[in-house]
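Peer 1:
4 protein chains.
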Amino acid sequence: MAAKLSRKERERERHRREILAAALKLFSRNGFERTTMAEIAEQAEFAVGTLYKFFKDKKALYRNLILQTVSEFEQAWTVALKGPGTEIERIAHYIDTKAALFAKRLPTARMYFTQTSGAFLQPAAGLDREARAMYQRALRALEAVLRSGIRNGLFVKADPKILALSLEGMSNALLAKLVERPDSTTPEEIAEHAKRLFFRSVCLEPYAA
Amino acid sequence: MAAKLSRKERERERHRREILAAALKLFSRNGFERTTMAEIAEQAEFAVGTLYKFFKDKKALYRNLILQTVSEFEQAWTVALKGPGTEIERIAHYIDTKAALFAKRLPTARMYFTQTSGAFLQPAAGLDREARAMYQRALRALEAVLRSGIRNGLFVKADPKILALSLEGMSNALLAKLVERPDSTTPEEIAEHAKRLFFRSVCLEPYAA
Amino acid sequence: MAAKLSRKERERERHRREILAAALKLFSRNGFERTTMAEIAEQAEFAVGTLYKFFKDKKALYRNLILQTVSEFEQAWTVALKGPGTEIERIAHYIDTKAALFAKRLPTARMYFTQTSGAFLQPAAGLDREARAMYQRALRALEAVLRSGIRNGLFVKADPKILALSLEGMSNALLAKLVERPDSTTPEEIAEHAKRLFFRSVCLEPYAA
Amino acid sequence: MAAKLSRKERERERHRREILAAALKLFSRNGFERTTMAEIAEQAEFAVGTLYKFFKDKKALYRNLILQTVSEFEQAWTVALKGPGTEIERIAHYIDTKAALFAKRLPTARMYFTQTSGAFLQPAAGLDREARAMYQRALRALEAVLRSGIRNGLFVKADPKILALSLEGMSNALLAKLVERPDSTTPEEIAEHAKRLFFRSVCLEPYAA
DNA sequence: CATGAATGAGATTTCATTCAT
DNA sequence: CATGAATGAAATCTCATTCAT
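Read top to bottom, the protein sequences are chains D, S, P and V. Using this note's numbering, the first residue of the first sequence is number 1, and each one after it goes up by one. Using this note's numbering, the first residue of the second sequence is number 1001, and each one after it goes up by one. Using this note's numbering, the first residue of the third sequence is number 2001, and each one after it goes up by one. Using this note's numbering, the first residue of the fourth sequence is number 3001, and each one after it goes up by one.
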């Protein structure tokens, strides 16, 4: 049962979210180093000092954002993967969910990309230990469904790790287009492409949407 | 006949390359903003001032590195794509070349990733106009081969742009593993996976390595 | 009625003035390039960073000072020139005002000199566009009074531009002594010399203080 | 009888002069601090190192230039002042000489100004002790002629120091115009103005050119 | 909890000067 | 004497963080 929050507590929570929203906007657009605390403060319409009441330092603010981002994404598609239906249907659902989520949350998606595609190469920042762990968990969930599909004779016999990675890479590449130029395509179209390509490469029986 | 360089000129050229090597090492590991000129100078065993004799400023040094990186990659696989053989063989050759190059040039590969996967989302840095143009050119070369393969009845009828993007995304995801943990796999193995997956999804006739 | 400033605003204004005072002291003594921001900060008893909260950069700080300096001077003697009385009286008043002002504001006077006498030769610095415009305006006001005096038969027929320039040069040379060694003379004495010399050279009727 | 210089010695002397000429050009245009040794070297078509064979350091080079400048000027007008004729004629000759010299040597004149008008306010540079001494000597020579003129009943009874200073200030102000925009007037015209104004203010008998 | 002025460490960049060739 | 690459001290400027109100 959720604890009832006092007005003060609710207000505090709202302020916190406003700060996170401002930070997301700027970090996703300009990256960690090229975003200043002063800019975030101005965007959030608070004083700099206030940011420090909510977050220990700039890193903590950033980390928080990443965690929020990744956990939200992870949750959504873990649900999709664990849903009912055949492995094919679940993977299809997962792809659809991901595309829809990306389309609805562009800045968040940008953060997701810089964290999963870009920054994994430069772990020195130490801003993402947990986030990467989460992403690994998500990958393993995907892997599990693929493994199960292989066992059930739906997919070709192949290393499910490789298949998961490949699906991720492929779908992300297509979704990146969406993030870059949101008006050029729809998430549904992209999901369709991704599903067709992926299933053609892994299904034993021809796939028909 | 190559112009003979004087000893002094050769030495200067060597120093230039030492600086670039030091910068590549640090930039690829820590990124642009978290690498200082002092660090580069120390790594290159020169004084800070010396770096500025070779490169106008930090940005120029970075840009130089990116251009060198991307152009080298682009050239290698453009050659592979334009080689003899069927479209299938040429794509296969392209994948092999890319994997081999990544394996041989890890830091360069890291730079490649941060430029093609990560930084496209934050163009504000303005460090990569030309580099992105190069990458676009490379993508279009890949696209052209795919289109020709479709016309020749080797590949399924589909948007070659989508196919190119998807191949890039997929193979990069697999190659990222190589960059992250070089000892966990070989480039040949990865190339094999990428080829099998890609050809299974696009070839009309079953593909056999 | 002047807007009431909050205590904070008043304090900020005071700090701004303290910084300007420190900068004036050092710039007037050592010039633009031989004064460092660190010195100014120390003199003003602030941290370097603080200077940048008030002024965009070193140039802005300097420019501000010049403008303040020149505008103050210009205003004072424009008033003197536009006062009541014959042209002779007004010029006399102008000379007195200038001498008094120089005596009272030595550092400012030094700035005035380096801006009007010295720096006009090296406009490359680009720190003084507006300041020079102001000085030109002041010169033209002087010129106008001289022209009117000529028309009214008080002064010899001569190019008023030349007369204005010559009066400026002469009086500044005498005043420079005051700036160099403030104890060697009084502003009144200098003003007396300047008036006698100038009026003897331009008045048709003999001048008697 | 001047010692015959060997070819080597003559060459060295020529190089020295080339360096001084280059430095004069740049210093007079941009000032001491905004001129770099590299620029001077390039202008002189020598390597930086070579400059240091001829001059201990940047300051020495500058000082040398000033001394050369001021001594040349001083010499020319000391000659004029010590020439034959009445005091009036000698002062007239002095003004003519100065104007002619300024017109012929613009960069040198610019140096002269920054040293006599501008920099006297900021002696901290310590670049001009000797130069100022020279200028003082020149002023005293002028003063002597004026004093003699007063004694001989040609000029009004006044402090010759003041008269000398005032003549200098007035004529320099007019000559500055020549330096700023060489095409707007001729040295003769300016000399004429200066003489008329000065003699009107100090001669007991009306002056007629 | 909110503010925002002040801080100062740290980054980039310049340039006079040296020195090995 | 000539060269010019290399040096590194010193200057400018930024920005995360603190703290008194």
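Positions of the beta carbon are idealized from the N, C-alpha and C atoms, including for glycine.
1) Is there a C-beta anywhere in chain D that falls below 9 Å from the one on S:R1137?
2) Among V:A3131, V:E3087, V:L3106, V:A3100, which one has its Cα closest to the Cα of V:L3142?
3) Below 8 Å on the Cβ atoms is my contact criterion, and I expect D:K177 with D:P107 to pass it. Report the Cβ-Cβ distance as a whole number of Å.
4) Taking only beta-carbon atoms, is P:R2196 less than 9 Å away from chain V?
5) Could you say if the region 1069–1077 of chain S and the region 1093–1100 of chain S meet the contact criterion of at least three C-beta pairs nearer than 8 Å?
6) Using only CA atoms, which one of P:R2147, P:R2151, P:L2081 lies nearest to P:P2160?
7) Interface residues of chain P around V:H3193 at Cβ under 7 Å?
8) P:L2174 and P:I2162: beta carbons closer than 9 Å?
9) Return no unless some Cβ of chain D is closer than 9 Å to the Cβ of S:N1152.
10) Leaving out five residues on either side along the sequence, give the residues of the same chain with a beta carbon under 8 Å from the beta carbon of P:G2085.
11) Taking 9 Å as the threshold (beta carbon to beta carbon), is P:M2134 in contact with chain V?
12) By how many angstroms is the C-alpha of S:D1057 removed from the C-alpha of D:K56?
13) Is P:F2155 helix, strand or coil by DSSP?
14) Taking the straight line between their C-alpha atoms, what separation do you get for V:L3061 and V:L3139?
15) What are the complete beta strand (DSSP E) segments, minimum 3 residues, inside the region 1009–1089 of chain S?
16) Report the option in S:E1188, S:L1197, S:V1202, S:F1199 whose CA atom is closest to the CA atom of S:D1096.
17) Span of the alpha helix (DSSP H) holding S:L1167?
18) So that I know if they touch, is there some Cβ in chain P lying closer than 9 Å to that of V:K3177?
19) Distance check for V:F3113 and P:F2027, CA to CA, integer angstroms please.
20) Please state the DSSP three-state secondary structure of V:P3123.
21) Output, in chain order, the set of chain D residues within a Cβ distance shorter than 7 Å of S:M1037.
22) Do three or more CB pairs link the region 4–22 of chain D to the region 1005–1017 of chain S at distances below 8 Å?
23) What's the gap between the Cα of P:F2198 and the Cα of V:L3167?
24) For S:E1205, collect the residues of the same chain with a Cβ closer than 8 Å to its Cβ; drop the 5 residues on either side in sequence, then sort them by chain order.
25) Take the Cβ of P:K2157 as the centre, count every other Cβ of all protein chains shown within 10 Å, and call the residue buried at 16 or more, exposed below.
26) Given this structure, state the Cα-to-Cα distance separating V:A3133 from V:I3066, to the nearest angstrom.
27) Within 10 Å of its beta-carbon, does S:N1152 have 16 or more other beta-carbons around it, so buried, or fewer, so exposed?
28) Compare the C-beta of P:S2071 with all C-beta atoms of chain V and state if any pair is closer than 9 Å.
29) Are the C-beta of P:L2065 and some C-beta of chain V separated by less than 9 Å?
30) If we count the other Cβ atoms within 10 Å of its Cβ and call it buried at 16 or more, is P:A2038 buried or exposed?
31) If you measure from the beta carbon of V:S3166 to each beta carbon in chain P, is any gap under 9 Å?
32) Spell out whether any CB of chain S is found under 9 Å from the CB atom of D:A125.
33) Report yes if the C-beta distance between V:M3111 and V:T3069 is below 9 Å; otherwise report no.
34) Quick check on P:E2074 - is its C-beta less than 9 Å from some C-beta in chain V?
35) Within 9 Å (strictly less), CB to CB, does P:S2171 reach chain V?
Peer 2: According to the structure shown:
1) Position 137 of the second sequence, counted from the start, is the residue given in the question as residue 1137 of chain S. No, no contact with chain D.
2) As a working mapping, residue 3142 of chain V is identified with position 142 in the fourth sequence. When each option's Cα is compared against that of V:L3142, the closest is V:E3087.
3) Numbered from its first residue, the first sequence carries residue 177 of chain D at position 177. Numbered from its first residue, the first sequence carries residue 107 of chain D at position 107. Actually they are not in contact, since the Cβ atoms of D:K177 and D:P107 sit about 17 Å apart, beyond 8 Å.
4) The residue given as residue 2196 of chain P occupies position 196 in the third sequence. Yes, P:R2196 lies at the interface with chain V (some Cβ there is under 9 Å from its Cβ).
5) yes
6) As a working note, residue 2160 of chain P is residue 160 in the third sequence. When only C-alpha atoms are compared, the closest one is P:R2147.
7) Counted from its first residue, the fourth sequence places residue 3193 of chain V at position 193. Result: I2162.
8) Your numbering for residue 2174 of chain P matches position 174 in the third sequence. Your numbering for residue 2162 of chain P matches position 162 in the third sequence. Not in contact: P:L2174 and P:I2162 (Cβ atoms no closer than 9 Å).
9) Stepping through the second sequence from its first residue, residue 1152 of chain S is reached at position 152. So no, S:N1152 is outside the interface.
10) Along the third sequence, read from residue 1 onward, the residue named residue 2085 of chain P stands at position 85. Hits under 8 Å: H2093.
11) Taking the first residue of the third sequence as position 1, residue 2134 of chain P is located at position 134. Not an interface residue.
12) If you number the first sequence from 1, residue 56 of chain D lands on position 56. If you number the second sequence from 1, residue 1057 of chain S lands on position 57. Their Cα atoms are separated by approximately 34 Å.
13) On the third sequence, residue 2155 of chain P is found 155 positions in, with the first residue counted as 1. In the structure shown, P:F2155 sits in a strand (DSSP, three-state: E or B).
14) The residue labelled residue 3061 of chain V in the question sits at position 61 within the fourth sequence. The residue labelled residue 3139 of chain V in the question sits at position 139 within the fourth sequence. The alpha-carbon atoms of V:L3061 and V:L3139 are separated by roughly 25 Å.
15) Those beta strand (DSSP E) runs which fall completely within the region 1009–1089 of chain S and span 3+ residues do not exist here.
16) For this step, residue 1096 of chain S is matched to residue 96 along the second sequence. Checking every option, the nearest Cα to that of S:D1096 belongs to S:E1188.
17) Position 167 of the second sequence holds residue 1167 of chain S. Run containing S:L1167: 1160–1180, per the alpha helix (DSSP H) assignment.
18) The count along the fourth sequence starts at 1 and reaches residue 3177 of chain V at position 177. Yes, its Cβ sits closer than 9 Å to a Cβ of chain P.
19) For the purposes of this step, residue 2027 of chain P is identified with residue 27 of the third sequence, where counting begins at 1. For the purposes of this step, residue 3113 of chain V is identified with residue 113 of the fourth sequence, where counting begins at 1. Going from the Cα of P:F2027 to the Cα of V:F3113 covers about 19 Å.
20) Along the fourth sequence, read from residue 1 onward, the residue named residue 3123 of chain V stands at position 123. Below a pLDDT of 50, predicted positions are generally treated as unreliable, and V:P3123, at 47, falls in that range; the measurement from the model is reported next regardless. Three-state result, V:P3123: helix.
21) Residue mapping note: residue 1037 of chain S aligns to position 37 of the second sequence, counting from 1. Within chain D, no C-beta atom comes less than 7 Å from the C-beta of S:M1037; the nearest is roughly 15 Å away.
22) no
23) Residue 2198 of chain P sits at position 198 when you count from the first residue of the third sequence. Residue 3167 of chain V sits at position 167 when you count from the first residue of the fourth sequence. Each residue's alpha carbon lies about 11 Å from the other.
24) The count along the second sequence starts at 1 and reaches residue 1205 of chain S at position 205. Answer for S:E1205: L1154, listed in chain order.
25) As a first step, residue 2157 of chain P is located in the third sequence; it is residue number 157 there, counting from the start. Exposed: under 16 other Cβ atoms inside 10 Å.
26) Here residue 3133 of chain V refers to the residue found at position 133 of the fourth sequence. Here residue 3066 of chain V refers to the residue found at position 66 of the fourth sequence. So the two alpha carbons sit approximately 12 Å from each other.
27) Reading the second sequence from its first residue, position 152 is the one you call residue 1152 of chain S. By the 10 Å Cβ count, S:N1152 comes out exposed.
28) Counted from its first residue, the third sequence places residue 2071 of chain P at position 71. For P:S2071, the answer is no, since every Cβ of chain V falls outside 9 Å of its Cβ.
29) The count along the third sequence starts at 1 and reaches residue 2065 of chain P at position 65. Not closer than 9 Å to any Cβ of chain V, the Cβ of P:L2065 fails to qualify, so no.
30) What you label residue 2038 of chain P is simply residue 38 of the third sequence in a count that begins at 1. By the neighbour-count rule (16 or more Cβ atoms within 10 Å), P:A2038 is not buried but exposed.
31) Here residue 3166 of chain V corresponds to residue number 166 of the fourth sequence, with the count starting at 1. Yes, its Cβ sits closer than 9 Å to a Cβ of chain P.
32) Mapped onto the first sequence, residue 125 of chain D falls at position 125. Interpretation of D:A125 is limited by its pLDDT of 48, a score under 50 that renders its predicted location unreliable; the figure taken from the coordinates is listed afterwards. Yes - at least one Cβ of chain S is within 9 Å of the one on D:A125.
33) Reading the fourth sequence from its first residue, position 111 is the one you call residue 3111 of chain V. Reading the fourth sequence from its first residue, position 69 is the one you call residue 3069 of chain V. Closer than 9 Å, so yes.
34) Position 74 of the third sequence, counting from 1, holds the residue named residue 2074 of chain P. Cβ-Cβ to chain V under 9 Å: no for P:E2074.
35) Taking the first residue of the third sequence as position 1, residue 2171 of chain P is located at position 171. Taking Cβ atoms only, chain V reaches closer than 9 Å to P:S2171, which makes this a yes.
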